[in-house]
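See below for the structure under consideration.
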Ligand SMILES: Nc1ncnc2c1ncn2[C@@H]1O[C@H](COP(=O)(O)OP(=O)(O)OP(=O)(O)O)[C@@H](O)[C@H]1O
Ligand SMILES: [Mg+2]
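Residue numbers (our numbering): 2 to 290.
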């Protein structure tokens with residue numbers, strides 16, 4: 002993945018070994034990992050700071066709690082099922098409208114109750130968290146702001162910001178596609194759009210390893226757009242980073258249709274693909290901090 006970054010600046014590209022040895026191990030103490038590896042804990046920290054996060058509707062920690070699954074879940078119209086300790090968008094199910102026998106997904110395919118229950122049991126068994134037992138989180142489904150909605154309406158685009166020593170240093174917008182099931186993760190075939198953090202302008206877009214200028218499904222232009230609320234987004238990263246004793250982090254935020262900037266979760270080992278997306282080496286920027 003790192004190979005296809007702009008030629009000529011290879012010394013400035015951060016590779017996975019150097020990221021781990023020089024940035025993650027010295028700056029991210031293992032004992033603090035759970036503050037960000039567990040999405041429920043991260044949301045608590047952020048909420049205590051007054052930072053908006055998606056509301057948690059229900060949590061399932063044990064198979065016995067699944068006996069009344071259908072009755073508990075029925076109370077909610079739109080929600081997301083996700084593993085508390087998941088990564089890469091694995092195990093996340095975004096639920097759309099309710100039907101007589103269950104729900105629909107973002108592309109209006111039926112999702113019967115038994116499928117949702119199965120998803121929750123897989124999460125409990127650790128299918129998405131390296132085999133460790135996990136908690137299933139049922140959280141509020143966030144609907145995108147008009148800016149994000151124009152780019153792609155079925156799903157939620159998010160904004161990934163890399164922060165080092167409490168300073169936001171690199172960012173990208175991630176946009177879902179018809180292949181990504183409403184999720185924006187590049188691993189789920191979302192589009193990465195590099196941002197100039199000083200202006201919020203989009204500078205380059207990458208999809209399935211290739212540069213593009215328009216969204217493949219909506220045909221919306223992706224370059225030279227101005228992401229709204231860039232200052233507020235960076236402020237959220239700074240406020241939260243100051244409270245977390247981990248100094249190399251990847252923040253995932255979004256723009257909620259009513260509330261505006263919102264924090265979704267944080268990563269202690271953020272991926273390096275952002276360098277291909279922004280066409281910039283992380284080392285170059287890290288050295289300046
Ligand atoms: N509450 C929500 N409402 C709507 N969509 C959501 C919600 N939470 C997550 N998503 C979608 O799922 C994607 C992945 O979510 P999240 O970042 O929580 O998962 P992850 O597995 O930790 O991903 P990664 O490790 O790549 O950051 C988001 O980019 C977004 O598109
Ligand atoms: Mg994420």
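The C-beta atom is built at its ideal place from N, Cα and C for all residues, glycine as well.
Give me the DSSP bridge partner(s) of residue i.
i	result
residue 160	174, 254
residue 169	164
residue 74	Beta-bridge pairing links residue 74 to no other residue.
residue 38	DSSP, once it has assigned bridges, lists no residue as partnering residue 38.
residue 288	Note: residue 288 sits in no beta bridge, so no partner.
residue 194	174, 206
residue 29	247
Express the C-alpha separation of residue j and residue i in angstroms, rounding to a whole number.
i	j	result
residue 22	residue 30	12 angstroms
residue 122	residue 159	27 angstroms
residue 17	residue 124	28 angstroms
residue 190	residue 149	17 angstroms
residue 34	residue 50	19 angstroms
residue 106	residue 99	9 angstroms
residue 259	residue 147	10 angstroms
residue 20	residue 73	43 angstroms
residue 161	residue 174	6 angstroms
residue 255	residue 80	16 angstroms
residue 252	residue 55	14 angstroms
residue 78	residue 213	36 angstroms
residue 266	residue 276	20 angstroms
residue 272	residue 101	41 angstroms
residue 94	residue 138	11 angstroms
What three-state label does DSSP hand residue i in the structure shown?
i	result
residue 310	Any property of residue 310 remains undetermined from this structure, which presents the chain solely from 2 to 290.
residue 129	coil
residue 18	helix
residue 57	strand
residue 50	coil
residue 184	coil
residue 200	coil
residue 69	helix
residue 13	helix
Using 8 angstroms as the cut-off, classify the Cβ of residue i as near or not near the heavy atoms of ligand 1, replying yes or no.
i	result
residue 93	yes
residue 289	no
residue 39	no
residue 78	no
residue 135	no
Check whether the Cβ of residue i sits closer than 8 angstroms to any heavy atom of ligand 2, and report yes or no.
i	result
residue 266	yes
residue 90	yes
residue 186	yes
residue 72	no
residue 257	no
residue 225	no
residue 106	no
residue 63	no
Verify the contact flag: residue i, CB atom, against every heavy atom of ligand 3, threshold strictly below 8 angstroms.
i	result
residue 183	As for ligand 3, it is missing from this structure, which binds only ligand 1 and ligand 2.
Can you list, in chain order, the stretches of the alpha helix (DSSP H) that have 4 or more residues and sit fully within the segment 207-281?
-> Listed in chain order, the complete alpha helix (DSSP H) runs (minimum 4 residues) inside the segment 207-281 are 231-242, 275-279.
Hey, which unbroken runs of the alpha helix (DSSP H) at 4 residues or more fall wholly within the segment 76-157?
-> For the segment 76-157, whole alpha helix (DSSP H) runs of length 4 or above, ordered along the chain, are 114-126, 147-152.
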